[in-house]
Amino acid sequence: MSGEAGGRGPRTPADLPETTTHCPYCALQCSTELSGGPGRVGVRPSPDFPVNRGGLCQKGWTAPALLGTPGRLLTPLVRGADGVLAPASWDDALDLVAGRLRRTRERYGADAVAVFGGGGLTNEKAYTLGKFARVALGTSRIDYNGRFCMSSAAAATLAAFGLDRGLPFPVTDLDDSDVVLLAGANPAETMPPLMRHLERADLVVVDPRRTRTAERAALHLQPVPGSDLALALGLLHLAVTEGLVDKEYVDARTTGFEAAWESCAAWWPERVEAVTGVPVADMRRAVRMLAGARRAHVLTGRGAEQHSKGSDTVAAFIGLALALGLPGRAGSGFGTLTGQGNGQGGREMGQKADQLPGYRSLTDPADRAHVASVWGVDPDALPGPGPSAYELLDSLGTPEGPRALLVFGSNPAVSAPRAAHVTERLSALDLLVVADFVPSETAALADVVLPVAQWAEEEGTLTGLEGRVLRRRAHLSPPPGVRTDLELLHALAVRLGQPPERFPVRPREVFDELRRASAGAPADYSGISYARLDAGEALHWPCPAVPGGDHPGTPRAFLDRFAHPDGRARFAAVEHRPPAREPDAGFPLYGTTGRVLAQYQSGAQTRRVPELAEAAPEAFVEVHPDTARRLGLADGALAEVESVHGSTRARVRVTRTAREDTVFVPFHYPGAARANLFTGDALDPRSRMPEFKVSAVRVTPVGERS
Amino acid sequence: MSGVLIVGGGPAAHRLAERLVRHGHGGGITVIGAEPRAPYHRALLGSVLDGSLGSERLALPALPGPVRLLTGVRVTGVDRALRTVRTADGRELPYDTLVLATGARARVPAVPGLTDRHGRLAEGVRLLRAAADCRPLSEGPVVVVGGGTRGVEAALALRRAGHEVVLAHPAAHPMDRHLDAAGGAVVAQWLAERGVTLRLGRRATEYAPGKVVLDDGEVLAAGTVLVCAGTVPNTRLARAAGLPVGDGVLVDARLRTADPHVHAIGDCAEQDGTPGATVLGAWEQADTLARILTGEDTVHRAGRHALRPRLPGRDLVVLPPGRDGAEGDRTVTLRDPARGRYARLVLREGRIRHGVVAGSARAVAAVTLLHARDAPVPADLLALLTGADGTYTGGGEPPEDTLVCHCNNVTRKTLKDAWHGGARDAAALAAATRATTGCGSCGPVVRELCAALGRPADPAEGGTR
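Top line first, the protein sequences correspond to chains H and S.
Taking full-length UniProt numbering, the leading residue of the first sequence gets 1, the next gets one more, and so forth.
Taking full-length UniProt numbering, the leading residue of the second sequence gets 1, the next gets one more, and so forth.
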């Protein structure tokens, strides 16, 4: 076992036993064993970890290439008068940032400085970032890229169950499931080792594309993009009319069924078919499969969630699961597949615009008082809730908006919707500071770039998709010139006048503080310690500190009661509506965006890994053969995918897995190939999730240019 | 903002009142329904009839607070000069804007015995128009009179509920208003398969409690007669008020009658020569009218709604006919009577103008969507009409560059090279190539490839040594 970062002496390979840690990428957090010294780090999947069970996808196998990636940021960069980013010392860079932040705040107020975080940051970093924003900067303007990822599921599950934990059961429960409905999730490509847990179950896959997951399905429902909510309402309607509702469960454990029925009564299956294109017979079969299974699960993913009605769509799928009596029943359940590495922990630790650590609320006086006492500040000094991620980005550099922005663990120039506009807003700032370990597209716009440590060089915890807290362990020391995010935030906080002890740099100290901050909160970590985790305990939150012993954690939430005061889950009455913009004569196709196996998120990391770049080198647009022929699009030629918001350039890939009315572009690529150049700014009214999954587009061939 | 009075308590009236509130209508909104219960889903009556839905589940969501709802109140007259309506219970209610949403009533054919001399239904005679019509039936077989869409749906619903059912229909095949002989034959076949006794080309000539007499003299035992002979728009109020009436109350593109203060929507209205509307069409009219009455300058364009009878386990769609036989139309027909499938599409410029699809669930769904969106049909029409997914790929040895392990981007060639390099079992191949270490689904393929490579004379592998 290696120690914590902070001992800076170089290690030799002989000093290095294998280090058990987790993959740097998605929320599955496959356990891996790292070996070898700098420049020669090897990785293998841990054989026994229950989540990946010896599995690893190409991203995980090639992750060590990130450690020595060419172009790695190894020194702070400051944009000079000539407009060029040039190397600078840490002291100069930090002095400059702190000075300009202070002046901006003095002149324009605390909210003129904003922070944008990420769902890949460790719990310790996410926690410290939120604290830094609210205490050291005093700003309400903090949100993070998880808003683009988990916010719809979070809003819906919180409303339904009183608690937002992606999977409220261990992922291994899926092994024994008979039927799993995956709504807008494509784990075969986005988190392949998860499929090891879905070998036994008959899969019902809801996806407009025939993905690799859909190919494994017993039943594939292929709805028109933007119609998942109608489909979910239709399935609930059928559960009622087919007599498949678990009445005893609904009576004993839920409220709101009657209102939910009223909201789906108008969605009889033949009407749903005309909206979704899903055959009535397939809907009936899906409901019967789920209801007839001894154990069944309903899981949602980004495909159902990234819409201007994403939280209502998740609510409707929860309604289906509740009607069938699945949530909170041993061996069955409802869950959502978290996306980013610390997508779960990242949304609990207080970098979200409206939340304090542990899911405490920024508007609840008792919650504010508790966290303020842990932080040693006056509760009244804590700012209130701020705007959501897209609204924050949209306001940058405007008269009412922030003039300075600090970005940690995110690349919004590629990953935010309406990316050209967001890039423009980022460029309009007086000061953009980006902390990263690779020169991302956002870093390229920055005034100051601060080089930070990465996964295998740092200690901390992440919380995986099943609510289990996991230890990230350092295998190497960060290269000279590189600091950890915690060190960076400490140095800035001190320069902004904070007492040094308020911003610890050792992850273990931060964790012990966040335990206190989350004690008694919904996401209670107070009974979890590095010592327990390092001893190999599997601890799922909530895990409160209990006198005279250790709480075992909560692998399965809701078995006895849901987290609402009355212990009951809530059905929601929701209404289907079309996406913000439906195709029309000018923009006749649906454009949808998503992922490929060999790239991760904005691609800032994975595009630098040669094997991954070779496997998935550039943006493509999937087009059905009939549509390609009609539009004069040749397989392998370049095309423009254009909406009212902008235009993306991608290579045509003619495939029958696409619907005739839909094209698909992955969003991992930079520059003119950014899929988000055509996505728009419609937001879910509750979760503020952008509508990544459906735009109205036209596709045209790009003429050959010499 | 003016006061809106809506006459009628059905889904169209409900939707209009709800949307007026949503769009911020400032004045009073009153809904007057003749039925005793609050507005409910008429479209779900079949589910009540077959027992899959309790009658209490029909209720539409309660109307929002500002709406005044009067149930069990019949409107007897309209005074357009005074802008008031009179009710049977003696009230006189003023309006600024009147909306007629009076719906349609079931047509009762002139068969002796069905009604008494006051026009009331005789004992044992049932319609299928209102929630009250779904109360339990008396003992004995049910004779359904009329084999149109409602008659077919009702006959099958009654079979699901376990009744003995005879369907008598004067035309040679069911749903003859919508289907040609081949399509009608498919529906007749479905009815027969589900145990409905058919009397086609036969007309009821007399009813007496317990029996129905057909025009060829056959006497059918009948515990109940269910009359499904179509509907008639309720236009009496409009006619009495001097408003122009065709089959329905005539309205313009703004859903307005000849009197600018009076509108009509739903089954009682007639726009562009078409009386009545499906419930979805009625809801669209209500949406449009709510926007018009709250100040938006817009007109109503009817959506392309298909007729999709609710026949659980059997799929049928009738796409509304346009002008027939125009130049440039192309007709595609598929007949497969043995499997109960039939399709006939009329295409123009690669889009569906009208047609019918019966028997294939996938084809019905696909064609319905293409028609609703006026989208181009796929190149492979046969696959469309048979419901095949059109993705058949031939067998044989996959090419060398075929990905075997998608999770780790490993091709057949890489695996073969590793095998020849000494990795002779699945575990060794995994160690050498990472194949099988992602989702694990390629394990069988890798093992199979390994075994095939181990067989020396396998001709499929001959060229690669």
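Built from N, CA and C at the ideal position, the CB exists for glycine as well.
Using a C-beta to C-beta distance shorter than 7 Å, which residues of chain H count as neighbours of residue i?
i, result
"Thr368/S", "Glu273 and Ala274"
"Arg362/S", "Pro279"
Per DSSP, residue i forms a beta bridge with which residues?
i, result
"Tyr342/S", "Arg335/S and Ala358/S"
"Phe664/H", "Thr592/H and Glu622/H"
"Tyr144/H", "Gly117/H"
"Asp164/H", "Its beta-bridge partners do not exist; DSSP assigns none."
"Ser138/S", "Beta-bridge pairing links Ser138/S to no other residue."
"Ser695/H", "Gly591/H"
"Val125/S", "Val225/S"
"Ile352/S", "Leu347/S"
Which residues bound the alpha helix (DSSP H) around residue i?
i, result
"Arg368/H", "Pro365 to Trp375"
"Ile318/H", "Gly310 to Ala323"
"Tyr108/H", "Trp90 to Tyr108"
"Tyr249/H", "Lys247 to Arg253"
"Gly151/S", "Thr149 to Arg160"
How would you write the range of the beta strand (DSSP E) that residue i sits in, first residue to last?
i, result
"Val251/S", "Val249 to Val251"
"Arg651/H", "Ser647 to Val654"
"His297/H", "Ala296 to Thr300"
"Arg86/S", "Thr84 to Thr87"
"Ser35/H", "Ser31 to Ser35"
"Leu470/H", "Val469 to Arg472"
"Ile6/S", "Val4 to Val7"
"Thr30/S", "Ile29 to Ile32"
"Gln271/S", "Ala269 to Gln271"
"Val334/H", "Correcting the residue identity first, residue 334/H is Phe in this sequence and not Val. Per DSSP, Phe334/H belongs to the beta strand (DSSP E) from Gly333 to Thr336."
Which residues in chain S have a C-beta closer than 9 Å to the C-beta of residue i? List them in chain order.
i, result
"Pro193/H", "Cys407, Thr437, Gly438, Cys439 and Gly440"
"residue 712/H", "Since the first and last residues shown for chain H are 1 and 706, residue 712/H lies out of range."
Quick one: what's got a C-beta closer than 6 Å to residue i's C-beta in the same chain, skipping five residues either side?
i, result
"Ala628/H", "Val654"
"Ala491/H", "Leu94"
"Leu385/S", "Leu334, Ala343 and Ala363"
"Arg447/S", "Ala426"
"Asp50/S", "Ala157, Arg160 and Ala161"
"Arg341/S", "Gly359 and Ser360"
"Glu18/H", "Glu33 and Ser35"
Please work out which residues of its chain come closer than 7 Å, Cβ to Cβ, to residue i, disregarding the five sequence neighbours upstream and downstream, and give them in chain order.
i, result
"Arg159/S", "Val165, Arg194, Gly195 and Val196"
"Ala130/S", "Glu35"
"Leu415/S", "Val404, Leu429, Thr433, Ala435, Val446 and Leu449"
"Gly54/H", "Pro45 and Pro47"
"Arg177/S", "Gly148"
Which residues in chain S have a C-beta closer than 7 Å to the C-beta of residue i? List them in chain order.
i, result
"Gly277/H", "Ala365, Ala366 and Leu369"
"Thr241/H", "Ser47, Ser52 and Leu53"
What in chain S is Cβ-close to residue i, meaning under 8 Å?
i, result
"Asp312/H", "What Asp312/H touches in chain S: nothing, since even the nearest Cβ is about 15 Å away."
"Glu262/H", "Ala59, Leu60 and Pro61"
I'd like the list of long-range same chain contacts for residue i, defined as Cβ closer than 8 Å, with 5 residues on each side in sequence excluded.
i, result
"Ser415/H", "Asn145, Phe148, Gln601, Ser602, Phe667 and Asn676"
"Val546/H", "Gly527"
"Arg705/H", "The predicted position of Arg705/H is uncertain, since its pLDDT is 47 and thus under 50; no value can be drawn from it."
"Thr231/S", "Ala104, Arg105, Ala106, Arg107, Arg129, Asp267 and Gly276"
Chain H partners of residue i, CB-CB under 9 Å?
i, result
"Leu280/S", "Arg271 and Ala274"
Give the residues of chain H in contact with residue i, contact being defined as C-beta atoms less than 8 Å apart.
i, result
"Asp315/S", "Pro279, Val280 and Ala281"
Let me check you understand the geometry: is the CB of residue i closer than 8 Å to at least one non-hydrogen atom of the ligand MG?
i, result
"Ala338/S", "The ligand MG is not part of this structure, which contains no ligands at all."
Exercise for the section: Could you please tell me which residues of the segment 250 to 277 of chain S, in chain order, have their CB closer than 9 Å to any CB of chain H? Expected result: none
Practice task
Name, going along the chain, the residues of the segment 31 to 63 of chain S whose beta-carbon falls closer than 8 Å to a beta-carbon of chain H.
Solution key: His41, Ala43, Leu44, Ser47, Ser52, Leu53, Arg57, Leu58, Ala59, Leu60 and Pro61
Problem - Chain-ordered residues of the segment 317 to 332 of chain H with a beta carbon less than 9 Å from chain S - result: none
Problem - Contact set between the segment 660 to 676 of chain H and chain S, restricted to residues whose Cβ is under 7 Å from the partner - result: Glu660 and Asp661
Problem - Contact set between the segment 52 to 73 of chain H and chain S, restricted to residues whose Cβ is under 8 Å from the partner - result: Gly54, Gly55, Leu56, Cys57, Gln58 and Trp61
Exercise for the section: Taking only beta carbons into account, state which residues of the segment 615 to 641 of chain H come closer than 9 Å to chain S, listed in chain order. Expected result: Ala615, Ala616, His624, Pro625, Asp626, Thr627, Arg629 and Arg630
Problem - Near-chain S residues of the segment 580 to 601 of chain H (beta-carbon distance less than 7 Å), N- to C-terminal order - result: Leu597 and Ala598
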